[in-house]
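Q: Quick one: the structure is below, questions incoming.
Protein chains: 4
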Amino acid sequence: MTERGEATRQLLLDSATAVFSELGYAGATTKEIAKAAGVSEGTIYRHFADKRELFAAVFTERNAANFDAVIRLPELAGTKSVRENLLFLIEAIKDVERDVAPMRAAASTDADLAAALTSGSSMGPLTPLALYLEAEQRLGRIRPGVDVASAAVALFAVPFTAVTLDRLARAMGSSGEIDMAGAIDVVLGGILPQDEPAT
Amino acid sequence: MTERGEATRQLLLDSATAVFSELGYAGATTKEIAKAAGVSEGTIYRHFADKRELFAAVFTERNAANFDAVIRLPELAGTKSVRENLLFLIEAIKDVERDVAPMRAAASTDADLAAALTSGSSMGPLTPLALYLEAEQRLGRIRPGVDVASAAVALFAVPFTAVTLDRLARAMGSSGEIDMAGAIDVVLGGILPQDEPAT
Amino acid sequence: MTERGEATRQLLLDSATAVFSELGYAGATTKEIAKAAGVSEGTIYRHFADKRELFAAVFTERNAANFDAVIRLPELAGTKSVRENLLFLIEAIKDVERDVAPMRAAASTDADLAAALTSGSSMGPLTPLALYLEAEQRLGRIRPGVDVASAAVALFAVPFTAVTLDRLARAMGSSGEIDMAGAIDVVLGGILPQDEPAT
Amino acid sequence: MTERGEATRQLLLDSATAVFSELGYAGATTKEIAKAAGVSEGTIYRHFADKRELFAAVFTERNAANFDAVIRLPELAGTKSVRENLLFLIEAIKDVERDVAPMRAAASTDADLAAALTSGSSMGPLTPLALYLEAEQRLGRIRPGVDVASAAVALFAVPFTAVTLDRLARAMGSSGEIDMAGAIDVVLGGILPQDEPAT
DNA sequence: GATGAATGAGTATTCATTCAT
DNA sequence: TATGAATGAATACTCATTCAT
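Chains as they are written, first to last, in this note's numbering: chain P, 14 to 212; chain C, 14 to 212; chain G, 14 to 212; chain D, 14 to 212.
Here is the structure:
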């Protein structure tokens, strides 16, 4: 692949991320994607075998970004406060989820599409999140007896849900922003040591 | 509308629910929906102006079902245990979400589609859930100081996330069932009175 | 199938025969076929699963016509003269071949296309032709010792070749009509009784 | 043209012959031809103005080969036996026809394609074949009164038809080899002196 | 009310051809 | 000379929608 080719490929990946995120898989036409990248439709097919492969590449790349947001988290155990760390993280997840959510939605209703995806990539953030919580638990900054895997689910569920409902509300023209921090604090109330109030 | 017409309309609504849930909006063709209902394609247009209106009718009906699952919840305040009530509820939400999730996904990536939806209908379960928690809080079965609106979000997020991730995992061929009860217990740990252990 | 539908199907079959014959399989676009039939492109797909199925239907129908031209031939044994019978037949074959030849050509260079064809249908005329010659041989109007199967090939080869070369010559703008009767007479010289001159 | 360029040109010609013969004109993509020649697609256009010109070059070259097979035939008049000479020739024609037939088929259904061909080149073998028969007729090895032009057609038609039907049978998965020698002997029965039996 | 035939705009994909390197 | 990236017109096929019966 020449340098120019590589650049075009990345351009397509970026444009496709935007278009898929905004319009979903079915709504994102190759015409639109090409236009967004400023290339011809044919060029897509020089870099990806078909639309599904392009989608898979974008989806994997975005999920990796989601994963990146949490992967270094375990190292933070013991620094700052647990609440600070988690709020920062939840915010990062939210950013990536905004791109990924509609793509995941598309993938989950299309068996062929799902087949093109790297297995397991979807639950990316859960494992590192659980690892972090476990480390903090060892340091006594998470209440003993808390099941860290379940706590990770409860924490991840908040930005995940917030983004999805927010998208819908936005599409419907209503406002209805969800108070993520509040929900996180509720969960924190269940996992932080009882003598250390969440807020 | 004759009786026969009404029957056909309901038949279409039921078939469409199944097809939309399984294939999403774009994947659900009118041909498929008509076939599932055992009527001709043309018949759809005698009952609904277009595909979007059919979708909106189905979506609203399903969301109402989701709402029904929680609407009587406030009355349960004080009966059984809070945990029992919530687990029962979360299970009910999960059942309905399985149908609604892919439709919501579709709606959230199609502005025209979203416009056809009754505003506000999507967050159906959140309000009654908060009302219930508030009632329990007054009864002393929920820790004072807990923000019930935020708690409702944290609780609702669990089945919501579980269903969505489960769909994707299933479509991708992986297993990965999410432990909903565990996550709920973590949240409960933050809202039940501290002397009453969650499990 | 309603009456109207049946009529449309036949209309498509007729138009497709003309377009396939003139332009070959690849050259015959669905757009062109639809236009020739005076229907929309989509209508083609109400009657045939895809272009290949339409082609197969046309090809089979035309080959059947070719077969019809010879199937009653054996009954003619003993009537008129052998030469008259064969010249009439060869002319009939030529007429049908003009339609079939380019379609056969297309089929022979496309494995998928060929697969859609009814096996064996292509050599249709050879068998009845051989049967006729055998009957005449029994009547003493064909020289004994002549291999009727081989004679059928030699006779069929003439209109077959004439049509194909003629098409090419025409396409190239040259004239070059082939003298079919002359060639047939040469073959007849080898199969008629020696005391009965061909011409 | 440099030596390297000339070599590339011939390489392309050879590869194109194979690909056109196997897939026909429409089925033979420039990508495939380039790949078969081990060069890039762009290189084709350094040697040929467009695909049609490449096709014309190949077609002419192959037809010339067909012509070569017969051109020296008249010199053989009087040597060996007429039957031996003709059977050898027919076999040679068959070999070349296998390549040419699908290309001729393509040419005959595409007016633009045909226009790119050297006029008259298609009937190559007929003239020398007639010349040979005429020479033999003068030597008394062909029955007087036989129209040599017509005899040439009858003889050429056999391998021509055999190859074409064979291709189709092969594509359709059936066997059905045609007995060329038998058919030739039938024709010979009509042109050899009557006292000299064909076989 | 219901049918199913017909529509035509729209979609992903292919492919001969061009051009900068 | 050769490359391979880019093009854009063309193609088979789909699908929501209309309408005569």
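From the three backbone atoms N, C-alpha and C, an ideal C-beta is built for every residue, glycine too.
For G228 of chain C, does the count of other Cβ atoms within 10 angstroms reach 16, so buried, or fall short, so exposed?
A: Any answer about residue 228 of chain C is impossible in this case: the structure gives chain C only from 14 up to 212.
Q: Taking F204 of chain C as the query, report the chain P residues whose CB atoms sit under 8 Å from its CB, ordered along the chain.
A: The sequence position of residue 204 of chain C within the second sequence is 191, counting from 1. The amino acid occupying residue 204 of chain C in the given sequence is Ile; Phe does not appear at that position. Those are V199, G202 and G203, listed as they occur along chain P.
Q: Evaluate K64 of chain G with the Cβ neighbour count: other Cβ atoms within 10 Å of its Cβ, from every protein chain shown; 16 or more gives buried, anything less gives exposed.
A: Within the third sequence, residue 64 of chain G is the residue found at index 51, counting from 1. K64 of chain G comes out buried.
Q: Find the residues of chain G that neighbour P115 of chain D, judging by a C-beta separation of less than 8 Å, and give them in chain order.
A: To locate residue 115 of chain D, count along the fourth sequence from 1; it is residue 102. Per Cβ cutoff of 8 Å: A118, S121 and T122.
Q: Any beta carbon from chain G within less than 8 Å of L24 of chain D's own beta carbon?
A: Counted from its first residue, the fourth sequence places residue 24 of chain D at position 11. It does not: the Cβ of L24 of chain D has no partner Cβ on chain G nearer than 8 Å.
Q: Since A170 of chain P and F173 of chain C should fall inside the 8 Å C-beta cutoff, what is the C-beta to C-beta distance between them, to a whole number of angstroms?
A: For the purposes of this step, residue 170 of chain P is taken as the residue at position 157 of the first sequence. For the purposes of this step, residue 173 of chain C is taken as the residue at position 160 of the second sequence. At roughly 7 Å, the Cβ-Cβ gap stays under 8 Å, so A170 of chain P and F173 of chain C are in contact.
Q: Of all the options G:E110, G:L201, G:R151 and G:A129, which has the alpha carbon lying nearest to the alpha carbon of A184 of chain D?
A: Residue numbering aside, residue 184 of chain D sits at position 171 when the fourth sequence is read from its first letter. Here the closest residue by C-alpha is G:A129.
Q: Is any heavy atom in the ligand NAD found nearer than 7 Å to the beta carbon of T21 of chain C?
A: Ligands displayed in this structure: none; no statement on the ligand NAD is therefore possible.
Q: Is the region 42–60 of chain D in contact with the region 85–95 of chain D, if contact means three or more CB pairs nearer than 8 Å?
A: Because the criterion of three Cβ pairs below 8 Å is not met, the region 42–60 of chain D and the region 85–95 of chain D do not touch.
Q: For Q150 of chain D, would you say it is in contact with chain G, using Cβ-to-Cβ distances shorter than 8 Å as the test?
A: In the fourth sequence, the residue the question calls residue 150 of chain D occupies position 137. Taking Cβ atoms only, chain G never reaches closer than 8 Å to Q150 of chain D, which makes this a no.
Q: Short of 7 Å Cβ to Cβ, which residues in the region 24–41 of chain D face chain G?
A: Of all residues in the region 24–41 of chain D, L36, G37, A39 and G40 have a Cβ within less than 7 Å of some Cβ in chain G.
Q: What separation, rounded to the nearest whole angstrom, lies between the Cα atoms of L24 of chain D and T30 of chain D?
A: For the purposes of this step, residue 24 of chain D is taken as residue 11 along the fourth sequence, with counting starting at 1. For the purposes of this step, residue 30 of chain D is taken as residue 17 along the fourth sequence, with counting starting at 1. If I take the Cα positions, the gap works out to 10 Å.
Q: Would you say I191 of chain C reaches chain P, if we count a Cβ-Cβ gap shorter than 8 Å as a contact?
A: Sequence index remark: in the second sequence, residue 191 of chain C carries index 178 (1-based). It does; some Cβ of chain P falls within 8 Å.
Q: Curious, which full-length alpha helix (DSSP H) runs of at least 4 residues does the region 74–114 of chain C contain?
A: Taking only runs of at least 4 residues, no alpha helix (DSSP H) segment lies wholly in the region 74–114 of chain C.
Q: Just to confirm, is the Cβ distance from I103 of chain P to R156 of chain P under 8 Å?
A: Stepping through the first sequence from its first residue, residue 103 of chain P is reached at position 90. Stepping through the first sequence from its first residue, residue 156 of chain P is reached at position 143. No, Cβ-Cβ distance for I103 of chain P and R156 of chain P is not below 8 Å.
Q: So P138 of chain P and N79 of chain P are in contact, right, with Cβ under 8 Å, and what is the actual spacing, rounded?
A: Counting from one through the first sequence, the residue named residue 138 of chain P turns up at place 125. Counting from one through the first sequence, the residue named residue 79 of chain P turns up at place 66. Indeed, because the Cβ distance is near 6 Å, the residues count as touching under 8 Å.
Q: By the DSSP assignment, the alpha helix (DSSP H) with T122 of chain G in it spans what residues?
A: For the purposes of this step, residue 122 of chain G is identified with residue 109 of the third sequence, where counting begins at 1. Neither: T122 of chain G is in no alpha helix (DSSP H) and is coded neither H nor E.
Q: R162 of chain D versus chain G: which residues are under 8 Å apart at the beta carbon?
A: Here the question's residue 162 of chain D lines up with position 149 in the fourth sequence. Residue identity check: residue 162 of chain D is Ala in the sequence provided, not Arg. Result: D192 and G195.
Q: By DSSP, does R183 of chain C sit in helix, in strand, or in coil?
A: Taking the first residue of the second sequence as position 1, residue 183 of chain C is located at position 170. Helix.
Q: Identify, in the order they occur along the chain, each residue of the same chain with its Cβ nearer than 6 Å to the Cβ of T177 of chain D, setting aside the five sequence neighbours on each side.
A: Position 164 of the fourth sequence, counted from the start, is the residue given in the question as residue 177 of chain D. Correct list, in chain order: A114.
Q: When you compare the CB of L142 of chain G with every CB in chain D, is at least one pair closer than 8 Å?
A: Here residue 142 of chain G refers to the residue found at position 129 when the third sequence is read from its first residue. No, because no Cβ of chain D sits closer than 8 Å to the Cβ of L142 of chain G.
Q: From which residue to which residue does the alpha helix (DSSP H) around T43 of chain G run?
A: In the third sequence, counting from the first residue as 1, residue 43 of chain G sits at position 30. T43 to A50 is the span of the alpha helix (DSSP H), which, as asked, contains T43 of chain G.
Q: So, helix, strand or coil for Q150 of chain P, using DSSP?
A: Looking up residue 150 of chain P in the first sequence gives position 137. Three-state DSSP puts Q150 of chain P in a helix.
Q: Over what stretch of residues does the alpha helix (DSSP H) that includes A39 of chain D continue unbroken?
A: The sequence position of residue 39 of chain D within the fourth sequence is 26, counting from 1. First-last of the alpha helix (DSSP H) with A39 of chain D: E16 to G40.
Q: For the alpha helix (DSSP H) containing R59 of chain P, list its first residue and its last residue.
A: In the first sequence, residue 59 of chain P corresponds to position 46, counting from 1. Note, R59 of chain P: alpha helix (DSSP H), E54 to H60.
Q: Given 8 Å as the limit, is there contact between the region 190–203 of chain D and the region 108–126 of chain D, that is, 3 or more CB pairs closer than that?
A: No, they do not touch.
Q: Does the beta carbon of V166 of chain C come closer than 8 Å to any beta carbon on chain P?
A: As a first step, residue 166 of chain C is located in the second sequence; it is residue number 153 there, counting from the start. Closer than 8 Å to some Cβ of chain P, the Cβ of V166 of chain C qualifies, so yes.
Q: Using the Cα positions of V159 of chain C and G37 of chain C, report the straight-line distance between them to the nearest angstrom.
A: Numbered from 1 along the second sequence, position 146 holds the residue referred to as residue 159 of chain C. Numbered from 1 along the second sequence, position 24 holds the residue referred to as residue 37 of chain C. For V159 of chain C and G37 of chain C, the distance between alpha carbons rounds to 38 Å.
Q: Which bits of chain G does F80 of chain D rub up against, with CB to CB less than 7 Å?
A: What you label residue 80 of chain D is simply residue 67 of the fourth sequence in a count that begins at 1. Within chain G, no residue comes near F80 of chain D; the closest Cβ sits about 15 Å away, beyond 7 Å.
Q: Out of C:T122, C:R117 and C:A77, which one is the CA nearest neighbour of V32 of chain P?
A: Counted from its first residue, the first sequence places residue 32 of chain P at position 19. That would be C:T122, whose Cα lies nearest to the Cα of V32 of chain P.
Q: Measuring straight from C-alpha to C-alpha, what distance separates G55 of chain C and F68 of chain C?
A: Residue numbering aside, residue 55 of chain C sits at position 42 when the second sequence is read from its first letter. Residue numbering aside, residue 68 of chain C sits at position 55 when the second sequence is read from its first letter. Taking the straight line from one Cα to the other gives about 16 Å.
Q: Name, please, each residue of chain C whose Cβ falls closer than 8 Å to the Cβ of L99 of chain P.
A: What you label residue 99 of chain P is simply residue 86 of the first sequence in a count that begins at 1. None at all; the shortest Cβ gap to chain C is about 13 Å.
Q: List the endpoints of the continuous alpha helix (DSSP H) containing V2 of chain G.
A: Here chain G has residues from 14 to 212 only, and residue 2 of chain G is not among them.
Q: Run down chain D in chain order and give the residues with a C-beta less than 9 Å from the C-beta of F173 of chain G.
A: For the purposes of this step, residue 173 of chain G is identified with residue 160 of the third sequence, where counting begins at 1. Under the 9 Å cutoff, chain D gives A170, F173, T174, T177 and L178.
Q: In chain D, which residues lie less than 8 Å from R159 of chain G when you measure between Cβ atoms?
A: Along the third sequence, one-based indexing puts residue 159 of chain G at 146. The sequence shown places Val at residue 159 of chain G, not Arg. In chain order: V199 and G202.
Q: Is A49 of chain P near S34 of chain P, with beta carbons less than 8 Å apart?
A: Residue 49 of chain P sits at position 36 when you count from the first residue of the first sequence. Residue 34 of chain P sits at position 21 when you count from the first residue of the first sequence. Their beta carbons are not under 8 Å apart, which means A49 of chain P does not touch S34 of chain P by this criterion.
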